[in-house]
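So the sequence shown is numbered by this note's numbering: it starts at 43 and just counts up by one.
Beta carbons are placed, not taken as given, at the ideal position from N, Cα and C, and that holds for glycine.
One structure is given here, and the rest of the page talks about it.
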Amino acid sequence: MTSDLDTVGRATATPDTDQPWRDLGLKGDEYERIREILGRRPSNSELAMYSVMWSEHCSYKSSKVHLRQFGEKAPETDALLVGIG
Numbered sequence: 043m044t045s046d047l048d049t050v051g052r053a054t055a056t057p058d059t060d061q062p063w064r065d066l067g068l069k070g071d072e073y074e075r076i077r078e079i080l081g082r083r084p085s086n087s088e089l090a091m092y093s094v095m096w097s098e099h100c101s102y103k104s105s106k107v108h109l110r111q112f113g114e115k116a117p118e119t120d121a122l123l124v125g126i127g
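Right under this line is the structure:
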């Protein structure tokens with residue numbers, strides 16, 4: 043009995059297998075970046091995890107440009123939240 047699971051081994055052995063990256067909300071350049079990071083095509087499970095990690099909900103893609111105006115360093119404080127207005 044052979045398994046239909048898309049394992050890392052299978053992903054490595056079948057680099058040209060079509061994947062549903064668009065259906066998972068990823069852009070072409072994001073899919074290519076995942077392949078670059080892994081050095082191979084992602085397994086279906088890995089692709090789903092990247093999709094969730096890089097989704098708007100988790101990564102705030104559209105907010106990054108606005109958040110950068112506040113800088114990356116926080117003042118020396120023990121406060122967890124800082125009011126901005």
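Query	Result
Would the region 106 to 114 and the region 69 to 84 be scored as touching if the rule is three or more Cβ pairs under 8 Å?	no
Residue 63 and residue 93: beta carbons closer than 9 Å?	yes
Excluding sequence positions up to five away, which residues of its chain have a Cβ less than 7 Å from the Cβ of residue 53?	82, 83, 84, 85
Just reading off the alpha helix (DSSP H) that residue 21 is part of, what are its end residues?	An answer regarding residue 21 cannot be provided, because it is not within the stretch 43 to 127 covered by the chain.
What's the call for residue 47, buried or exposed, on a 16-neighbour Cβ count within 10 Å?	exposed
Measure the alpha-carbon distance for residue 87 versus residue 49 and round it to whole angstroms.	8 Å
According to DSSP, is residue 66 part of a helix, a strand, or is it coil?	coil
What is the DSSP secondary structure of residue 97, reduced to helix, strand or coil?	coil
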